[in-house]
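Asks: Just so you know, the working numbering puts the end of the sequence shown at 259, numbered straight through with nothing missing. Glycine included, C-beta positions come from ideal geometry on N, C-alpha and C.
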Amino acid sequence: MDTNFQGLEKIPKHVALIMDGNGRWAQERGLSRIEGHKEGAQSVRAVLRAAAQAGVEYITVYAFSTENWKRPPAEIDGLMKLLVHSLNEYEQELHDNHIRLLVMGQFERLPLPVRIRLQKTIDATAHYTDHTFIIALSYGSRTEIADAAKAIAEKVKSGEMKLKEVNEQAISNHLYLPEIPDPELMIRTSGELRLSNFLLWQLSYAEFYITEDYWPDFREEQFFHALEAFNGRDRRYGGVNKK
Ligand code: IPE
Ligand code: IPE
Ligand code: MG
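1. Given this structure, state the Cα-to-Cα distance separating ALA70 from LEU191, to the nearest angstrom.
2. Give a single yes or no on whether GLY207 has its beta carbon closer than 7 Å to a heavy atom of ligand 3.
3. Have a look at ASP139 and TYR106 and give me their C-alpha separation to the nearest angstrom.
4. Tell me whether PHE214 sits in a helix, a strand or coil according to DSSP, three-state version.
5. For a test of the three-state rule: what should DSSP assign to SER59, helix, strand or coil?
6. Hey, is ASP112 close to ligand 2, as in C-beta under 7 Å from one of its heavy atoms?
7. Quick one: is the Cβ of SER59 within less than 7 Å of any heavy atom of ligand 2?
8. Could you tell me which of LEU47, PRO232, PRO199, ALA68 sits nearest to SER206, measuring between CA atoms?
9. Quick one, which of HIS101, LEU193, ASN213, LEU153 has its alpha-carbon nearest GLU124's?
10. Terminal residues of the continuous alpha helix (DSSP H) containing PHE123?
11. With C-beta atoms as the reference, is ALA222 less than 8 Å away from ASP250?
12. Since ARG131 sits in a beta bridge, which residues does DSSP pair it with?
13. Between TRP217 and ILE150, what straight-line distance do the alpha-carbon atoms span, to the nearest angstrom?
14. Could I get the ranges of all uninterrupted alpha helix (DSSP H) runs contained in the stretch 156-223, with 4 residues as the minimum, in chain order?
15. Do you know offhand how far GLY156's Cα is from ALA167's?
16. Return the residue from the list PHE240, THR227, ILE196 that minimises the CA-CA distance to LEU219.
17. Three-state secondary structure (DSSP) at ILE27?
18. So what does DSSP say about PHE239, is it helix, strand or coil?
19. DSSP has LEU33 in a bridge; who is on the other side?
20. Grab me the residues of ALA57's own chain with a C-beta within less than 7 Å of its C-beta, minus the 5 sequence neighbours each way, in chain order.
21. Say yes only if the C-beta of GLY121 is nearer than 7 Å to one or more non-hydrogen atoms of ligand 3, and no if none qualify.
22. Among the candidates ILE187, VAL72, ALA162, LEU134, whose CA atom is the shortest distance from the CA of LEU117?
23. Report the three-state DSSP secondary structure of ALA142 (helix, strand or coil).
24. Taking buried to mean at least 16 other C-beta atoms within 10 Å of its own C-beta, is TRP85 buried or exposed?
25. Which same chain residues, not among the five before or five after ALA42, have their C-beta less than 7 Å away from its C-beta?
Right, dumping it as structure tokens:
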């Protein structure tokens, strides 16, 4: 397999992934949607391993959006059970690779057994500093930004913050995970050209990589290709080419 991560010049510090296409992957094989999600969970495992190998420090995966609560209850239930099952199955790999787990989103909206299971692994891996794995769960970027605005407004009202202190940094500081650097690369699988309410603030200067592959087919090799594409990008940040 052609995945020489060491040969890459630039490694993004933070990669965010919209894991899409599990349902279509399953449908094409005559399987149930949950079978697609199960196979997708194996891709998460593969990408985590590849990212650790490549030296990517932060990986954020979009696992469940605020909009995904509109899905049939049986699918939601299947996804929540799969999450618990996956944590049971892969927690050891987090320890082996020194990966810390974090969750971003409306934690309190998740079923209690899921919260308990997540918290156990969050606590057990909190001391790792090499790599961070962030799962966006019941996550919606507009809610996140609206909540930040509300928290800031309350601080200004109470006098804890001055109006002139409300700037870009202040907004970043009031998002779910203020200490995490913005993603440099955003990958979306299954060819959809949209953000679906994912990290609207944090992705403002990220490079986008969209692949037609369905998420269950996205493994180490595909991740390597995304990093290769990132290496070919010219990031100007509104400036001009340095020659
Ligand atoms: C992504 O796959 C997983 C979640 C959103 C939870 P989908 O379930 O959206 O798969 P498609 O888009 O229907 O193929
Ligand atoms: C985005 O996928 C959300 C996740 C990957 C969790 P969706 O399948 O929900 O997005 P839309 O509906 O195609 O925009
Ligand atoms: Mg989808």
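Replies: Let's see:
1. Working through the sequence shown from its first residue, we reach residue 70 at position 54. Working through the sequence shown from its first residue, we reach residue 191 at position 175. Each residue's alpha carbon lies about 28 Å from the other.
2. Stepping through the sequence shown from its first residue, residue 207 is reached at position 191. Not under cutoff, so the answer is no.
3. Position 123 of the sequence shown, counting from 1, holds the residue named residue 139. Position 90 of the sequence shown, counting from 1, holds the residue named residue 106. Answer to the nearest angstrom: the Cα atoms are 15 Å apart.
4. Stepping through the sequence shown from its first residue, residue 214 is reached at position 198. Here PHE214 sits in coil by DSSP.
5. The residue given as residue 59 occupies position 43 in the sequence shown. If DSSP states are grouped into helix, strand and coil, SER59 belongs with the helices.
6. On the sequence shown, residue 112 is found 96 positions in, with the first residue counted as 1. No.
7. In the sequence shown, residue 59 corresponds to position 43, counting from 1. Flag unset: Cβ of SER59 not near ligand 2.
8. One-based indexing of the sequence shown puts residue 206 at position 190. It is PRO232 whose Cα lies nearest to the Cα of SER206.
9. As a working note, residue 124 is residue 108 in the sequence shown. Nearest of HIS101, LEU193, ASN213, LEU153 to GLU124, Cα basis: LEU153.
10. Along the sequence shown, one-based indexing puts residue 123 at 107. From DSSP, PHE123 is part of no alpha helix (DSSP H); its letter is neither H nor E.
11. Residue numbering aside, residue 222 sits at position 206 when the sequence shown is read from its first letter. Residue numbering aside, residue 250 sits at position 234 when the sequence shown is read from its first letter. Going by C-beta atoms, ALA222 is not nearer than 8 Å to ASP250.
12. For this step, residue 131 is matched to residue 115 along the sequence shown. Partner(s): none; ARG131 has no beta bridge.
13. Taking the first residue of the sequence shown as position 1, residue 217 is located at position 201. Taking the first residue of the sequence shown as position 1, residue 150 is located at position 134. The alpha-carbon atoms of TRP217 and ILE150 are separated by roughly 16 Å.
14. 157-174, 184-189
15. As a working mapping, residue 156 is identified with position 140 in the sequence shown. As a working mapping, residue 167 is identified with position 151 in the sequence shown. Computed Cα separation, rounded: 17 Å.
16. Along the sequence shown, one-based indexing puts residue 219 at 203. Nearest option by C-alpha distance: ILE196.
17. Along the sequence shown, read from residue 1 onward, the residue named residue 27 stands at position 11. In the structure shown, ILE27 sits in coil (DSSP, three-state: anything other than H, G, I, E or B).
18. Here the question's residue 239 lines up with position 223 in the sequence shown. Residue state, collapsed to three classes: helix.
19. Translated into the one-based positions of the sequence shown, residue 33 becomes position 17. BP columns for LEU33 point to VAL77, ILE203.
20. Locating residue 57 in the sequence shown gives position 41, counting from the first residue. LEU98, SER102.
21. If you number the sequence shown from 1, residue 121 lands on position 105. Not under cutoff, so the answer is no.
22. Translated into positions along the sequence shown, residue 117 becomes position 101. Checked all of ILE187, VAL72, ALA162, LEU134; the closest Cα to LEU117 is LEU134.
23. Translated into the one-based positions of the sequence shown, residue 142 becomes position 126. Coil, per DSSP.
24. Here residue 85 is taken as the residue at index 69 of the sequence shown, counted from 1. Label assigned to TRP85: exposed.
25. Here residue 42 refers to the residue found at position 26 of the sequence shown. Here the set comprises SER48, ARG49, GLU51, GLY52.
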